[in-house]
Amino acid sequence: MILQEQRRLRLWLYKSSLFISVLFLIGFSIVLPVDSIVQAIQSENNGFNTIIVIGSLAVFFVAAVTILIGRMLLHKSCLKDIPRRYIPVTNADLPHKSSRKMVIHNMERSKKLSGLFKTPKDPVIHPGLEPPARCDDPNTPKILPEYLNYKICIKSATDRLKYYGLFLNSASDDVKSSQTFTDLVKSQFIKGNHNKRQVQRAKDFIELYERIRFSGDEVSRSEFIQFAENCIYFSDLMITMDITKVGLGNISTRSQLSFNIAGSSVDRKLRKLNTARSNQISRLSSGQYPDITAFRYDTSNSDYHRQETDEDDFALDDMDYFPSVPPYMIRRNSTNTVSMRIPTSNSDDQYNLGFNEIGDEDIQNNDQIRRYMSNTSKTDSFKTVIHNG
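Okay, so the sequence shown: first residue is 1 according to UniProt numbering, each after it adds one.
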């Protein structure tokens, strides 16, 4: 009670003294213009009187403005000494003890709540951007980098086609500037294709791409993953396609994965494969049955590890694209793949072995071939077998 009375007394003295000081300032300041006006009235020189009156008013105005601006600057300089994030928790700021305790208690509570609010209770997943791990669903495997912009990644596929001539990671020298991503998907996987499942998937791929690029809506994570799966599917499909197939004239199978075959370029090796295929057809027409054709790819930049599913949903099992009996794919290690085409019978009398030289490791005798065939002859020749080494 005594403290409050003392504060009131100090406040009253401050306000009263300030009021008296302002009155004295105004009184002393107004003396000059009043005296000048009185003297000018008594004088008979009107010009001189006018100069005195105007000069006294100007001096009074300048003095008033100077005092006002000085007061403002002094006030701002005093405020600068106070911290911007200053919280009044000291005895001098809050003399009331209970108020200080309440302020300190709420500050500690806010600190705890801020730590809890940084990690949301439920997953926060917005379309268009991959959420960070702390906001993502813990039951969902984290396969994409944080803050990945889905639409920019998908747009890069069309930019690579437009500026670099790359379609699904395959180089093309004859892509026209007027051809779009949709046009190439139609020409490569829909026109002339008798595989209904591939045609339907290509149509779904086009629909998904156009919805993502031109709908104006943000891309969801499920749509982005579906788009990426389709890109991988059709990219693998292009590698396993027959390059003589109608509709593939504009796209080269020179993948950006840098396939090097026995130290030669891809074009030379593909020409050898086409020549070998023609020789096989001529031998078949003459009654000679070539049993095995072996060739080797150096896949140092990719391991092509694919896992079979119940839906048989990857390109190697789409048999309608192969012009002849499909090959068995035997995976030996992470750096090479040997592809063989073998008849269903495993009788030794039927084998007329012919090989092409394939790089550093050559197959030298029939015993080695029979060991290869012993692993695959029990399987129907119209299936694909992949052994991981």
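The beta carbon of each residue, even a glycine, is placed where N, CA and C say it ideally should be. These figures come from a predicted structure and were not determined experimentally.
Distance check for residue j and residue i, CA to CA, integer angstroms please.
i, j, result
"L73", "E146", "50 Å"
"L18", "L11", "11 Å"
"L148", "K142", "12 Å"
"L144", "P131", "9 Å"
"S56", "S36", "7 Å"
"I225", "M107", "45 Å"
"V22", "R71", "13 Å"
"R7", "N91", "15 Å"
"S154", "I87", "Sequence check: residue 154 is Ile here, not Ser. Going by the C-alpha atoms only, they are around 50 Å apart."
"N77", "L25", "At residue 77 the sequence reads Ser, which differs from the Asn that was named. Going by the C-alpha atoms only, they are around 23 Å apart."
"P120", "D93", "37 Å"
"F181", "T140", "31 Å"
"K203", "D137", "31 Å"
"D217", "P127", "9 Å"
"S235", "R160", "14 Å"
"N195", "Q188", "12 Å"
"Q42", "V65", "30 Å"
"P39", "H75", "Note that residue 39 corresponds to Gln in the displayed sequence, not to Pro. If you take the alpha carbons of Q39 and H75, they lie about 39 Å apart."
"I30", "I54", "14 Å"
"I20", "K118", "56 Å"
"A58", "L9", "40 Å"
"I190", "Y163", "24 Å"
"I275", "G192", "According to the sequence as given, residue 275 is Thr; it is not Ile. Computed Cα separation, rounded: 24 Å."
Taking the alpha helix (DSSP H) that residue i falls in, what are its first and last residues?
i, result
"G27", "2–42"
"D204", "196–214"
"D183", "181–189"
"S177", "Element bounds for S177: n/a, residue is neither H nor E."
"D122", "It is not in any alpha helix (DSSP H) - D122 carries neither H nor E in the DSSP assignment."
"V103", "97–117"
"S222", "221–240"
Compare the Cα-Cα distances from residue i to each of the options and report the closest residue.
i, options, result
"A228", "Y209, F214, T240", "Y209"
"F28", "A63, G47, S99, L184", "A63"
"S156", "R213, I67, N46", "R213"
"F167", "L129, M238, F60", "M238"
"L116", "C135, T90, I104", "C135"
"C231", "S215, L184, D217, T275", "L184"
"Q179", "F205, G192, L129, G165", "G165"
"R100", "V59, R109, V89", "V89"
"R211", "I20, N193, K151", "K151"
"E223", "I52, L129, L68, K111", "L129"
With 16 as the cutoff for other CB atoms within 10 Å, does residue i come out buried or exposed?
i, result
"Y14", "exposed"
"L3", "exposed"
"R221", "buried"
"S177", "exposed"
"Q198", "buried"
"T240", "buried"
"residue 406", "The structure shown has nothing for residue 406, since the chain only spans 1 to 389."
"F48", "exposed"
"D360", "The predicted model places D360 with a pLDDT of 39, which falls under 50 and marks its position as unreliable; any figure quoted below should be read in that light. Exposed."
"Y233", "buried"
Taking DSSP's pairing of strands, which residues face residue i in a bridge?
i, result
"N45", "According to DSSP, which records beta bridges pairwise, N45 is partnered with nothing at all."
"F167", "S170"
"N149", "L129"
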